[in-house]
Amino acid sequence: MSTNAVQEFRKSLSAADVESTVVTCDGVDDALLAAIERPAVGAPLPFDDHSLSGLPVTVDPSPSDVRDAVTGVTGSRLGISSLGTVAVESRSGGDEFVSLYPERHVVVLRERDIEPDLSSAFDWLSTEFEAGRESLVFATGPSATGDMGALVQGVHGPETVHVVVVTDDE
Amino acid sequence: MSEPDRPKADRIRWLLDSEGAQIKKNTRLFNAQRYDAVEAAGPEQYQAYRSQARGIKEDAIERLPTLVERTKRAVEANGGTVYVADDAEDARQYVATVAADCEAETVVKSKSMTTEEIDLNDRLEADGRQVWETDLGEFVIQVADETPSHIVGPSLHRSREEITELFETHFDPEESLDSAEKLTAFARSFLGERIDDADVGITGANFVLADSGSIALVTNEGNARKCASLPDTHVAVAGIEKIIPDVESLHPFAELISRAATGQAIPQYLSVLTPPVDTPAIDFDAPDISGFGDSDAERDFHLVLLDNGRREMRDDDELRETLYCIRCGACANSCANFQSVGGHAFGGETYTGGIATGWEAGIEGLDTAAEFNDLCTGCSRCVNACPVEIDIPWINTVVRDRINRGEDPGFEDVLVDGLVPDDEPRGTPLQKRFFGNFETLARLGSATAPVSNTVASFAPVRTLMESVLGVDARRDLPTFERTTFRDWADARDSGSNSDVNQGPDPKSGLNRRVVVYPDVYTNYVQTGRGKATVRVLEALGCEVVVPAVGGSGRAPLSQGMIATARDRAESVSETLAPYVAEGYDVVVVEPSDIAMFRREYEKLLSPADYGRLAEESYEVLEYVYGLLEHGAPADALSAGHGEGVAYHSHCQQRTLGLERHTEAVLAELGYDVTTSDVECCGMAGSFGYKSDYYDLSVDVGDSLAEQFAGASTVVASGTSCIEQLDALLSPETRHPVELLDPVEGVSG
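Chains as they are written, first to last, in the numbering used here: chain S, 3 to 172; chain Y, 3 to 750.
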């Protein structure tokens, strides 16, 4: 995946009203610290080389923690470059609640997991289905509604979304 | 605001006043965003997804019994339950039992038209449960106790101010809810508490994936995600037609559905869920226990697949297509009538817009469809808008035909049988037979002109026409010409006319032989555009004939008189076939007739007859464009000198992609062309003449007139459009070919 893909992805994120930062492997913790507004809850990141330990993020939270959190942190194993989409998988770590309740959703995503478009994302999804991972949400931008007479962001889901893109090591 | 109990015209007027402005604003925004989204996706790529989606739906409905079984096996293997409900009561009973089994106090729902269809909320509430709609649009109409006005935006007929008033009255909040932000925040908090307390979550399903037992949900607010994951018990209610084979077949629909609906490349949230999901149950009764309350509750999933008339629709060759519908609302947004009145007029018990005719006819019956079916004028603007290529106007025509046949014969038939030479059964309403037999009227009117015109404009006659036929007295009737277009052409051929046929132009070397089709309007009413067509084609080197050939069947078809239309189509095909066989091209002036030849004749003629005529027929400016492209001399035509021309193409012409030829020819001849972007003029053949729809027709036409205000030269391709523009703007609207006329052509 080239740097162009990251640029294209960030452009799409921006068009979907999503903030983003790009960091190397070493910069993830700092980027998360900067992106998080406390209190924060999180779901375990689905990556071997990154975790939320050491960060002010409550993992395995109580229902009250989930309700009171301003930020929810999850990891995504998929990004869609042309759309600015990330995935929220149904996992036992509670990614779905963590990404839905707090008004801010912070996503960690690796550059290598960025797919160019929805078509290739569906190829990826087919492989996931074959592996028995069959529940997820393609999430693009904050939750939104036009039902109250004007476009409003932040309805039953987050009002702001921030993606931390971790570049691949050379 | 309470609804009046008045006849159809009054109700439409009331809706135009009370809901029209808001509906117009919202549907036109969706519609414009759809066009932009298709453009951004690339029209060819988008079309490829449409074809793919269409193929998947055709195949899935064909194999529906197998797919239902596969879905059952997959869901049950995952630990869930599938219930196939025969009808609404069966489905209600099942869901009520599930709710009773878990002693549910609170049930939360995400948006589902299918649960609207079965009136599920009433049943659950009757059992003493609290039911909350969590989609904000559904929440608004739940509070207002209204029905949805649109498949996608159920409350889009209400302005922000109206919602503020509604909520402040209903909830008596401490602070004013005088902005969309405050309303949203209030609803989020109010509904959030109820979602957290809910025992059962009910969702619909945009798609059901048979192989994996998954459901796909398309939402923007995030409420469906909550309804599907928060309560331990999740019930998804979906029509059986929502099943597609597998996750791979979901892809084209994911590309299409939000673009078609709201112009979004993808929704905020596209959920693909295969219950029971791994997301842990959350227990708000144990607020301080980590691990989401450490609940040991088991997740329970029920998929209710609703038949309720769908299997019969599947067996019905004409209604089957309705089952391909993915409920995007594009047919409503692209419909000029819908943009003015919305789904409270253009809709049935549950569904709204053009496709609602198919749904309501199949689910509720013809009586329900009959209440709004006439609002489809057959303008065909929804045809290209539909992401699964459903021929929505055809469904409306078929249902209209069935309604005609189903009605009890009244005394009117005795009156007109014999006067109207159609093949329709007794029972077809008199007004429909009157408009459906316009060709006969025109022939009689022309033969007796100018007396017929004088009589027809005589006030007592108009009063009688209004009371008996429902022809609105505020409309000017067409003025019939004593000398028809064909009379004129015959006279020229026999040499008795001073206007000399110049024969093929040696300069161009094209030597095309052309049949100009003398459609009913060109032949009897707007003869000038026929004459201009002949002179333009001759100037470009064509040999032109105007044979004796009858009406295309458009008029009867638009009234749902399919047998008569087929009869006309066969006659036209028979008359023109020898010309086509000899190499003549067929040039058509009236756009609604070229649309017959190219679109509807496919349903009315044998494939061979249809193909022959469709391939050799051209709209007049399309043909002129082709001649000029192949070297015919543009300087043989009357030209402009940079002056502005306001051009309204015809709805059916635009559906065939034929407006750009007129634009290109006028531009090449030196005109500065401005084309309208409204979907339809609102006249739509007979529609604007009908008393019930006069106000609606004028409301739709006003949008067009506004775009052309101040234009000195106005041209329009269709007869109806010209009549509407003449009535609303100025009485000088012409057909574009008249600007090109080397004899009469004048610029502005």
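Even for Gly, the Cβ is constructed at its ideal location relative to N, Cα and C.
Quick caveat: nothing in here was measured; it's all calculated off a predicted structure.
Same chain only: Cβ atoms within 7 angstroms of residue i, ignoring 5 sequence neighbours per side
i: Y:Ile-153; result: Met-115, Arg-329, Gly-331, Ala-334, Tyr-353, Thr-354 and Gly-355
i: S:Ile-82; result: Glu-117, Asp-119, Leu-120 and Ala-123
i: Y:Asp-728; result: Thr-735
i: Y:Ile-394; result: Cys-333, Gly-356, Ile-357, Cys-384, Val-385 and Cys-388
i: Y:Ala-636; result: Leu-630, Glu-670 and Leu-671
i: Y:Asp-743; result: Ala-534, Arg-537, Val-538 and Ser-640
i: Y:Leu-377; result: Asn-339, Ala-347 and Phe-348
When the options are compared against residue i, the one with the closest alpha-carbon
i: S:Val-100; options: S:Val-20, S:Val-75, S:Pro-48 and S:His-158; result: S:Val-75
i: S:Asp-97; options: S:Leu-138, S:Ala-133, S:Val-166 and S:Thr-169; result: S:Leu-138
i: S:Val-176; options: S:His-164, S:Met-150 and S:Ala-146; result: With chain S represented from 3 up to 172, any question about residue 176 of chain S goes unanswered, as that position is not in the structure.
i: Y:Cys-104; options: Y:Glu-366, Y:Leu-126, Y:Ala-93 and Y:Ala-583; result: Y:Leu-126
i: Y:Gly-562; options: Y:Ser-688, Y:Pro-635 and Y:Asp-285; result: Y:Ser-688
i: Y:Thr-430; options: Y:Ser-454, Y:Val-453 and Y:Ile-405; result: Y:Ile-405
i: Y:Ala-347; options: Y:Thr-450, Y:His-159, Y:Tyr-326 and Y:Asp-296; result: Y:His-159
i: Y:Asp-121; options: Y:Ile-242, Y:Arg-94, Y:Lys-113 and Y:Leu-698; result: Y:Arg-94
i: S:Thr-87; options: S:Ala-141, S:Thr-5 and S:Val-167; result: S:Ala-141
In DSSP terms, what residue i is bridged to
i: S:Glu-21; result: S:His-164
i: Y:Gln-144; result: Y:Gln-144 is not bridged to any residue.
i: S:Gly-74; result: S:Val-43 and S:His-107
i: S:Glu-91; result: S:Leu-138
i: Y:Asp-478; result: Y:Asp-478 is not bridged to any residue.
i: Y:Ser-619; result: Y:Val-588
i: S:Ile-82; result: S:Thr-87 and S:Glu-117
i: Y:Thr-73; result: Its beta-bridge partners do not exist; DSSP assigns none.
Sequence-distant residues of its chain with Cβ nearer than 8 angstroms to residue i (five each side left out)
i: Y:Gly-644; result: Gly-672, Tyr-673 and Asp-674
i: Y:Tyr-696; result: Ala-11, Asp-474, Arg-476, Arg-477 and Gly-690
i: S:Ala-36; result: Thr-23
i: Y:Ser-500; result: Note that Y:Ser-500 scores 39 on pLDDT, short of 50, meaning its location in the model is unreliable; the coordinates nonetheless yield the value given after this. So no residue of the chain qualifies.
i: S:Gly-56; result: Asp-31
i: Y:Leu-368; result: Val-401, Arg-404, Ile-405 and Gly-408
i: S:Leu-153; result: Ala-146 and Thr-147
i: Y:Ala-79; result: Gly-215
i: Y:Ile-1; result: The question about residue 1 of chain Y has no answer here: the residues shown for chain Y are numbered 3 through 750.
i: Y:Glu-170; result: Ser-178 and Leu-179
Cβ shell of residue i (< 6 angstroms), same chain only, five flanking positions each side left out
i: Y:Asp-403; result: Gly-562 and Ile-564
i: Y:Leu-607; result: Ala-571 and Ser-575
i: Y:Pro-506; result: Because the pLDDT at Y:Pro-506 is just 43, under 50, the model does not fix this residue reliably, and the value given afterwards should be weighed accordingly. The answer, listed in chain order, is Asn-513, Gly-543 and Glu-545.
i: S:Gly-29; result: none
i: Y:Val-667; result: Leu-623, Val-626 and Tyr-627
i: Y:Val-776; result: The question about residue 776 of chain Y has no answer here: the residues shown for chain Y are numbered 3 through 750.
Chain A within 8 angstroms of residue i, Cβ atoms only
i: S:Gly-159; result: Structure shown: chain A not included; protein chains present are S and Y.
Would you call the stretch 252-268 of chain Y in contact with the stretch 128-135 of chain Y, where contact means no fewer than 3 C-beta pairs closer than 8 angstroms?
no
Residues within the stretch 138-149 of chain S neighbouring chain Y, beta-carbon criterion of under 8 angstroms:
Leu-138, Val-139, Phe-140, Ala-141, Thr-142, Gly-143, Pro-144, Ser-145, Ala-146, Thr-147, Gly-148 and Asp-149
Okay, do the stretch 645-656 of chain Y and the stretch 719-732 of chain Y touch, 3+ Cβ pairs below 8 angstroms being the bar?
yes
Please determine if the stretch 356-373 of chain Y and the stretch 571-583 of chain Y are in contact, where contact requires at least 3 C-beta pairs separated by less than 8 angstroms.
no
Counting only Cβ-Cβ distances shorter than 7 angstroms, please list the residues of the stretch 115-133 of chain S near chain Y, keeping chain order.
Leu-120, Ser-121, Phe-124, Leu-127, Ser-128 and Phe-131
What residues from the stretch 205-225 of chain Y come within 7 angstroms of chain S, judged by C-beta to C-beta, listed N to C?
Ser-214, Ser-216, Asn-222, Glu-223, Gly-224 and Asn-225
Just by C-beta distance, which residues in the stretch 81-98 of chain S are closer than 7 angstroms to chain Y?
Leu-85, Thr-87, Ser-92, Arg-93, Ser-94, Gly-96 and Glu-98
Between the stretch 270-287 of chain Y and chain S, which residues of the former have a C-beta closer than 7 angstroms to a C-beta of the latter?
Gln-270, Tyr-271, Leu-272, Ser-273, Val-274, Leu-275, Thr-276, Val-279, Asp-280, Thr-281, Pro-282, Ile-284, Asp-285 and Phe-286
Can you confirm whether the stretch 281-293 of chain Y touches the stretch 102-114 of chain S when touching is taken to mean that 3 or more C-beta pairs between the two stretches lie within less than 8 angstroms?
no
Three or more C-beta pairs below 8 angstroms linking the stretch 40-49 of chain S and the stretch 59-78 of chain S:
yes
Taking only beta carbons into account, state which residues of the stretch 72-102 of chain Y come closer than 7 angstroms to chain S, listed in chain order.
none
Tell me, please, whether the stretch 440-455 of chain Y touches the stretch 479-489 of chain Y by the rule of three or more beta-carbon pairs shorter than 8 angstroms.
yes
Counting beta carbon pairs with one atom in the stretch 193-203 of chain Y and one in the stretch 43-60 of chain Y, are three or more of them shorter than 8 angstroms?
no
Using a Cβ distance threshold of 8 angstroms, determine whether the stretch 202-210 of chain Y contacts the stretch 25-34 of chain Y, with at least three qualifying pairs required.
no
So, does the stretch 214-229 of chain Y touch the stretch 152-172 of chain S, judging by three or more C-beta pairs under 8 angstroms?
yes
Check distances from the C-beta atoms of the stretch 34-62 of chain S to those of chain Y and list, in chain order, the residues that come in under 7 angstroms.
Asp-62
Selection of the stretch 130-160 of chain Y by Cβ proximity to chain S, strictly under 9 angstroms:
Thr-136, Asp-137, Leu-138, Gly-139, Glu-140, Phe-141, Val-142, Gly-155, Pro-156, Ser-157, Leu-158 and Arg-160
For the pair the stretch 80-87 of chain Y and the stretch 293-309 of chain Y, tell me if three or more CB-CB distances fall below 8 angstroms.
yes
Pull out every residue of the stretch 231-249 of chain Y whose Cβ sits closer than 7 angstroms to any Cβ of chain S, in chain order.
Ser-231 and Val-249
The stretch 287-319 of chain Y: positions lying closer than 8 angstroms to chain S by Cβ
Ala-288, Pro-289, Asp-290, Ile-291, Ser-292, Gly-293, Phe-294 and Gly-295
Under 8 angstroms, with one C-beta from each stretch per pair, do the stretch 584-601 of chain Y and the stretch 513-531 of chain Y reach the 3-pair mark?
yes
Could you run through the stretch 653-668 of chain Y and flag, in chain order, every residue whose CB is less than 8 angstroms away from some CB of chain S?
none
Please list the residues of the stretch 62-74 of chain S that have a C-beta atom closer than 9 angstroms to any C-beta atom in chain Y, keeping them in chain order.
Asp-62, Pro-63, Ser-64, Pro-65, Ser-66, Asp-67, Val-68 and Arg-69
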